[in-house]
Amino acid sequence: MPRDTLPRGPSYLHHVLIALKNQRSDHFRHQFRINPSTFDAIVATIKLDPIFANSSNNAQMPVEEQLAIALYRFGRDGNGAGLQEVANWGGVGKGTVTLATRRVMTAVLRPEFMENAVHYPSEDAKEEAKRWVHKHSCHAWRNGWCFVDGTLIPLAIRPPWFGESYWDRKDRYSLNAQVFIFCDCVVTFLL
């Protein structure tokens with residue numbers, strides 16, 4: 217029995233990567249939740265990762281497009297995070313969405329990427345932050361050097377391994393992230 221084919225419309229992905237990235241960074245941020253310069257820095261860092269190497273006659277799609285698909289998917293919740301919705305946005309198949317997401321996550325979770333992207337501040341940086349807090353805040357916080365906040369990152373489905381561990385107080389599956397933010401509003405550490 218032949219597979220049914222799904223006709224695809226034009227991809228919005230290329231419009232975001234070409235037009236919005238260069239002309240409307242506010243709309244680019246709305247699509248991917250990051251600035252174009254941050255997007256370019258991530259692409260430059262992960263593009264040489266072996267996960268994007270291919271010895272096949274069929275080339276992989278560009279790393280820029282794979283990162284765009286993954287970021288678009290991460291920035292959606294509920295029905296908008298569905299594979300078909302993301303595939304329609306990117307002008308690709310559902311399997312490509314899964315592959316691109318898996319490749320990007322493999323690259324960014326490698327120790328080499330994490331060591332460069334997420335770091336704990338030096339003692340000098342902590343002392344500078346303490347001086348800033350002392351100058352701009354109340355006396356009781358004078359020895360503080362960072363702000364800590366937590367957030368829940370909703371998951372579209374129950375994870376297959378230890379799924380019950382991801383059930384949260386808001387009655388949904390999610391990841392819990394603790395973010396350490398320096399006084400200059402730069403995320404310095406993530407748990």
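Counting in our numbering, the sequence shown runs without a single skipped number right up to 407 at its last residue.
All C-beta atoms, glycine included, are put in the ideal place defined by N, C-alpha and C.
Pick out whichever of the options has its Cα sitting closest to the Cα of residue i.
i, options, result
"A260", "F248, E280, N251, I267", "E280"
"Q276", "I262, A316, A372", "A316"
"G291", "Q394, R358, L371", "L371"
"R224", "K346, D387, E301, S241", "E301"
"L229", "N270, N238, Q247", "Q247"
"T221", "P252, K263, V308", "V308"
"G294", "N273, A393, R374", "R374"
"V232", "W348, A284, S353, A356", "A284"
"D265", "G296, D242, P327", "P327"
"I262", "S272, S271, N274, P278", "P278"
So, at 8 Å on beta carbons, what are the nonlocal neighbours of residue i in its own chain, with the 5 sequence-adjacent residues on each side left out?
i, result
"R249", "L287, F290, G291"
"S390", "L368, I369, P370, L371, Y382, D384"
"V313", "I285, R289, L299, V302, A303, G306"
"H243", "V232, L236"
"K346", "R358, N359, G360, W361"
"G311", "none"
Excluding the 5 residues flanking residue i on each side, which residues of the same chain have their C-beta closer than 7 Å to its C-beta?
i, result
"I234", "none"
"Q282", "A316, R319, V320"
"I267", "R319, T322, A323"
"K342", "W361"
"R245", "N251"
Please list, in chain order, all residues of the same chain as residue i whose beta carbon is under 6 Å from its beta carbon, the five residues on each side excluded.
i, result
"R358", "H350"
"G360", "V349"
State the start and end residues of the unbroken alpha helix (DSSP H) segment that holds residue i.
i, result
"F248", "241–248"
"F290", "279–290"
"P252", "252–262"
"L315", "310–324"
"N304", "299–306"
Please report whether the beta-carbon of residue i lies at a distance below 9 Å from any beta-carbon of chain D.
i, result
"N304", "Annotation note: the requested chain D is absent from the structure, which comprises a single protein chain."
Checklist entry - Where in the region 333–407 do unbroken runs of the alpha helix (DSSP H), each at least 4 residues long, occur, reported from the N-terminal end onward? => result Within the region 333–407, the complete alpha helix (DSSP H) runs of at least 4 residues are 339–352.
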